[in-house]
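In this note's numbering, the protein residues as written are 74 to 222.
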């Protein structure tokens, strides 16, 4: 497979799965009467989490623009795309280690009961971006060594 095709398939599948992830629950937590935190809500509110004291939540949310930066750099053929994809993956994956998240601006927290489909699809979208970056730049560096269908 030529490098251009690897690049385009990587971006297509990564963004497609990311968009699908936004339609799912991200995690279950003890929050009011609802236990599910929707991925779209997390995505939209995460960008302003620091305003309510959620600095750590903001750092996790930063995996999104970092992944988008990786996509932009991959389109340009810039090798820093791989570094940013790796950083986004590590940041996003680190959320799986959390036991509690910020509940309100007062600083109260809620217990995470379980991670849900939206979170795992989000991780998958970034993992696809990371793997696609690796394959793309390996194919550029060693064009005859990697044979992908």
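Just so you know, even glycine gets a beta-carbon here, dropped at the ideal spot from N, CA and C. Everything numeric in this text was worked out from a predicted model, so none of it was measured.
Inset, instruction - Would you mind sorting residue 168 into buried or exposed? The rule is 16 or more other CB atoms within 10 Å of its CB. - result: buried
Legend entry - Helix, strand or coil at residue 212 according to DSSP, with G and I counted as helix: In the structure shown, residue 212 sits in a helix (DSSP, three-state: H, G or I).
Legend entry - Beta-bridge partners of residue 173, as assigned by DSSP: 184
Legend entry - Simplified DSSP assignment, three categories, for residue 103: strand
Legend entry - Paired residues, beta bridge with residue 98 - DSSP: 111
Inset, instruction - Decide yes or no for the touch test of the stretch 94-105 against the stretch 184-194: beta carbon pairs closer than 8 Å, at least 3 of them. - result: yes
Inset, instruction - Give a yes or no on whether the C-beta atoms belonging to residue 120 and residue 109 are separated by under 8 Å. - result: In this structure, residue 120 sits away from residue 109, with a CB-CB distance that is not shorter than 8 Å.
Legend entry - Rounded straight-line distance, which links the Cα of residue 208 to that of residue 79: About 7 Å.
Legend entry - Cβ-Cβ distance between residue 187 and residue 90 below 8 Å: no
Inset, instruction - Please report the Cβ distance between residue 154 and residue 141, rounded to the nearest whole angstrom; I am assuming they are in contact, meaning their Cβ atoms lie under 8 Å. - result: That pair is no contact at about 11 Å.
Inset, instruction - Determine the burial state of residue 149: buried for a count of at least 16 other Cβ atoms within 10 Å of its Cβ, exposed for fewer. - result: exposed
Legend entry - Cα-Cα separation, residue 115 to residue 137: 11 Å
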